[in-house]
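For reference, the structure discussed in these notes is given below.
2 protein chains.
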Amino acid sequence: MSSVLPTSGPAASPAVSGTPVASPVASGLGTPAFSPLYQQIKALLLQSLQAGEWLPGQAIPSEVELAARFRVSQGTVRKAIDEMATDNVLVRRQGKGTFVATHAERATQFRFLRLLPDDGTAPQLQRRLLECRRMRAPAEVARLLALSSGEAAVQVRRLLLAPEGSELRPVVLDDIWLPGTLFKGLTAERLQAWRGPMYRLFEAEFNVHMIRAEEKLRAVGASATEAALLAVREGEPLLSVERLAYTYGDRPVELRRGLYHTAGHHYRNELS
Amino acid sequence: MSSVLPTSGPAASPAVSGTPVASPVASGLGTPAFSPLYQQIKALLLQSLQAGEWLPGQAIPSEVELAARFRVSQGTVRKAIDEMATDNVLVRRQGKGTFVATHAERATQFRFLRLLPDDGTAPQLQRRLLECRRMRAPAEVARLLALSSGEAAVQVRRLLLAPEGSELRPVVLDDIWLPGTLFKGLTAERLQAWRGPMYRLFEAEFNVHMIRAEEKLRAVGASATEAALLAVREGEPLLSVERLAYTYGDRPVELRRGLYHTAGHHYRNELS
DNA sequence: GAGTGGTCTAGACCACGGC
DNA sequence: CCGTGGTCTAGACCACTCG
Chain E
1 MSSVLPTSGP AASPAVSGTP VASPVASGLG TPAFSPLYQQ IKALLLQSLQ
51 AGEWLPGQAI PSEVELAARF RVSQGTVRKA IDEMATDNVL VRRQGKGTFV
101 ATHAERATQF RFLRLLPDDG TAPQLQRRLL ECRRMRAPAE VARLLALSSG
151 EAAVQVRRLL LAPEGSELRP VVLDDIWLPG TLFKGLTAER LQAWRGPMYR
201 LFEAEFNVHM IRAEEKLRAV GASATEAALL AVREGEPLLS VERLAYTYGD
251 RPVELRRGLY HTAGHHYRNE LS
Chain L
1 MSSVLPTSGP AASPAVSGTP VASPVASGLG TPAFSPLYQQ IKALLLQSLQ
51 AGEWLPGQAI PSEVELAARF RVSQGTVRKA IDEMATDNVL VRRQGKGTFV
101 ATHAERATQF RFLRLLPDDG TAPQLQRRLL ECRRMRAPAE VARLLALSSG
151 EAAVQVRRLL LAPEGSELRP VVLDDIWLPG TLFKGLTAER LQAWRGPMYR
201 LFEAEFNVHM IRAEEKLRAV GASATEAALL AVREGEPLLS VERLAYTYGD
251 RPVELRRGLY HTAGHHYRNE LS
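Line order of the protein sequences matches chains E and L.
The UniProt record's numbering puts the first residue of the first sequence at 1, with every later residue one more than the last.
The UniProt record's numbering puts the first residue of the second sequence at 1, with every later residue one more than the last.
Printed below as a string of structure tokens:
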């Protein structure tokens, strides 16, 4: 099928609202780089999301409306949206519409928190902020976040604690680095005041929406300072979780190193 | 839409090859339990797979053929197959056909092996079989594998070793339990002789195909015997990975406890 | 060229949610 | 009641594979 190109004439061939589309380009030797219409629609929708045209939690236009806008059949729009729904970027709700995914919902809230209590109950973790400061990104952090060397970064250090009887027991020690330019107004006060998932704060206040992440897990022994913070003895085996989280367009926007004390909790994973 | 029911009359309403379908049944109070046609087709295809009608690596009938068999449009069959393809149960190959997924392919081979060398190279693990014996399933194993108490089980214990310079370094200690009735001819000799992924052996010799698994990860300290086998000192932090693997119909068929030495390797995970 | 899956269309009807 | 997404159909054409 022909690519989606802006057309000045009335409805004849498929066209887009006026925004030109990156038309299929031969990449290298004789590769036609054929791109289906619905993939182009998907790219356009992602652009709109990235530009903030529709905010997390809001409804996007209906399928018929989008089909009209792009001069395409409803089925084609549907296929584009289908893929974005399985990517957890959009959420379909029959009878209501299609919505931009948000970390406010309880369902998506636990997509990125894989640590569960062994007894099968729902996790109820309290936060305790240890630190929040702006600094120049260390070389390794800058590299992973694709920052220029010496660029500003925000470092957040916090504990997550689980109720145990009437006490609170530290379970997670998180070290988080964020690009300073994206998180301009992020302060300890702002973090302290926030009730709800941290990724929801990022969405609401900084327009940064995490959609996927890569994690590297290891078993390590607790250092002296880590042991003190987690209330375990030095050398205690801990689960080290290094996470790189991405927003729209595969842009890395968070580096996180978590240390999990896995007595009483475990990291759950599904292989398929 | 009406449910798929066997029809003796000629092509009029949708019908199936002759096998009756579990028609939508009210479950509990007034729940209509509406099931779309393509879901019913999917269930039928899964039944055929479970029955061994098409073996791993083989092609299933073409979409048009299945559409004719089920008296349904090609689009409906397509939607059923689409879901099974995203579930990694079937594999589509344009121009060739649709095939039953197999653990023989290199792509799917690493779906269940998440341990990667830190240097980014491809994993090259050697196996060393330590034990393979039949026994009565311990209570905990029986429970997780849904076996009757005292039923037969096969226990396999093995090491995975990674090349390090000119030496081999133990990296993984696996303890595996399998239902004895499903794995009748499984012996140490058979395991020793096999070249290729273990799950491929299970497929080829015992007609057991793993499609998904749940894992629980923890950091633990090496016991004396574990330390000896993995050539680490006692108490060394190790990544404990407890896996329950399922075949068609969500039937648990493997329990595995792996201990990973994560110096030089890490467990990779994708969150989305 | 024949057969496979992949895309796209147009239209009908159904299930759900809210006015 | 209407508008939303969800299902199903029938048919056209395209891209890929193989003989």
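Just so you know, even glycine gets a beta-carbon here, dropped at the ideal spot from N, CA and C.
Whole-number beta carbon distance between residue j and residue i, since they are thought to touch under 8 Å
{"i": "E/Arg243", "j": "E/Glu215", "result": "5 Å"}
{"i": "E/Val91", "j": "E/Gln58", "result": "With a Cβ gap of about 11 Å, E/Val91 and E/Gln58 do not count as contacting."}
{"i": "L/Leu173", "j": "L/Leu159", "result": "6 Å"}
{"i": "E/Leu259", "j": "E/Glu226", "result": "6 Å"}
{"i": "E/Tyr246", "j": "E/Leu46", "result": "Their Cβ separation, rounded to whole angstroms, is 13 Å, which puts E/Tyr246 and E/Leu46 out of contact at 8 Å."}
{"i": "L/Ala104", "j": "L/Arg200", "result": "5 Å"}
Straight-line gap, residue i to residue j (C-alpha atoms, nearest Å)
{"i": "E/Arg40", "j": "E/Ala162", "result": "It should be pointed out that residue 40 of chain E corresponds to Gln in this sequence rather than to Arg. Answer to the nearest angstrom: the Cα atoms are 46 Å apart."}
{"i": "L/Leu271", "j": "E/Arg212", "result": "5 Å"}
{"i": "L/Arg136", "j": "L/Leu182", "result": "14 Å"}
{"i": "L/Thr98", "j": "L/Ala51", "result": "18 Å"}
{"i": "L/Pro56", "j": "L/Ile81", "result": "15 Å"}
{"i": "L/Trp54", "j": "L/Arg93", "result": "16 Å"}
{"i": "L/Val232", "j": "L/Ser223", "result": "10 Å"}
{"i": "E/Leu129", "j": "E/Gln155", "result": "11 Å"}
{"i": "E/Ala68", "j": "E/Ile60", "result": "14 Å"}
{"i": "L/Ser73", "j": "L/Leu44", "result": "16 Å"}
{"i": "L/Ser149", "j": "E/Asn207", "result": "55 Å"}
Burial state of residue i (16 or more Cβ within 10 Å)
{"i": "L/Leu186", "result": "buried"}
{"i": "E/Ser240", "result": "buried"}
{"i": "E/Arg218", "result": "buried"}
{"i": "L/Arg106", "result": "exposed"}
{"i": "L/Ser27", "result": "Because the pLDDT of L/Ser27 is 37, which lies under 50, any placement of that residue in the model is unreliable, and the number read from its coordinates should be weighed accordingly. Its Cβ having fewer than 16 others within 10 Å, L/Ser27 is exposed."}
{"i": "L/Val21", "result": "Residue placement at L/Val21 is poorly supported in this model, since its pLDDT is 35, which falls under 50; the coordinates still yield a value, given next. Buried is the call here."}
{"i": "L/Ser62", "result": "exposed"}
{"i": "E/Thr262", "result": "buried"}
{"i": "E/Asn269", "result": "buried"}
{"i": "L/Lys42", "result": "buried"}
{"i": "L/Phe34", "result": "exposed"}
{"i": "L/Thr102", "result": "buried"}
{"i": "E/Ala122", "result": "exposed"}
{"i": "E/Ala193", "result": "exposed"}
Nearest candidate by alpha-carbon position, reference residue i, set the options
{"i": "E/Pro179", "options": "E/Pro138, E/Val171 and E/Leu159", "result": "E/Pro138"}
{"i": "L/Leu145", "options": "L/Leu66, L/Arg71, L/Gly249 and L/Val253", "result": "L/Val253"}
{"i": "L/His209", "options": "L/Arg69, L/Ser73, L/Phe112 and L/Gly75", "result": "L/Phe112"}
{"i": "E/Val89", "options": "E/Ala222, E/Thr121 and E/Leu49", "result": "E/Leu49"}
{"i": "E/Val64", "options": "E/Thr108, E/Arg78 and E/Glu53", "result": "E/Arg78"}
{"i": "E/His265", "options": "E/Arg114, E/Val220 and E/Ala153", "result": "E/Arg114"}
{"i": "E/Tyr267", "options": "E/Ser148, E/Asn207 and E/Asp119", "result": "E/Asp119"}
{"i": "L/Gly75", "options": "L/Leu37, L/Ile60 and L/Leu44", "result": "L/Leu37"}
{"i": "E/Arg134", "options": "E/Gln124, E/Gln109, E/Glu140 and E/Ala188", "result": "E/Ala188"}
{"i": "L/Asp87", "options": "L/Phe206, L/Val220, L/Asp250 and L/Gly95", "result": "L/Asp250"}
{"i": "L/Glu131", "options": "L/Ala142, L/Val141, L/Arg157 and L/Thr121", "result": "L/Arg157"}
{"i": "E/Gln109", "options": "E/Ala68, E/Leu125 and E/Lys96", "result": "E/Leu125"}
{"i": "E/Arg256", "options": "E/Trp177, E/Glu164 and E/Ala152", "result": "E/Trp177"}
{"i": "E/Val168", "options": "E/Glu234, E/Leu229, E/Arg71 and E/Leu147", "result": "Residue identity check: residue 168 of chain E is Leu in the sequence provided, not Val. The shortest C-alpha separation from E/Leu168 is found at E/Leu229."}
{"i": "L/Lys184", "options": "L/Val72, L/Ala152 and L/Ala68", "result": "L/Ala152"}
{"i": "L/Leu116", "options": "L/Leu66, L/Val171 and L/Val220", "result": "L/Val171"}
{"i": "L/Arg127", "options": "L/Met84, L/Phe206 and L/Met198", "result": "L/Met198"}
Residue i - DSSP class collapsed to helix/strand/coil
{"i": "L/Ile176", "result": "strand"}
{"i": "E/Gly221", "result": "strand"}
{"i": "E/Lys96", "result": "coil"}
{"i": "E/Thr247", "result": "strand"}
{"i": "E/Glu131", "result": "strand"}
{"i": "L/Leu239", "result": "strand"}
{"i": "L/Gly258", "result": "strand"}
{"i": "L/Lys216", "result": "strand"}
{"i": "E/Gln58", "result": "coil"}
{"i": "E/Leu145", "result": "coil"}
{"i": "L/Ala105", "result": "Going by the sequence as given, residue 105 of chain L is Glu instead of Ala. The answer is coil: DSSP assigns L/Glu105 none of H, G, I, E or B."}
{"i": "E/Ala157", "result": "The residue you asked about is not Ala; residue 157 of chain E is Arg in the sequence shown. Here E/Arg157 sits in strand by DSSP."}
{"i": "E/Val208", "result": "coil"}
{"i": "L/Val64", "result": "helix"}
{"i": "E/Val89", "result": "coil"}
{"i": "L/Arg71", "result": "coil"}
{"i": "L/Ala139", "result": "helix"}
{"i": "L/Gln124", "result": "coil"}
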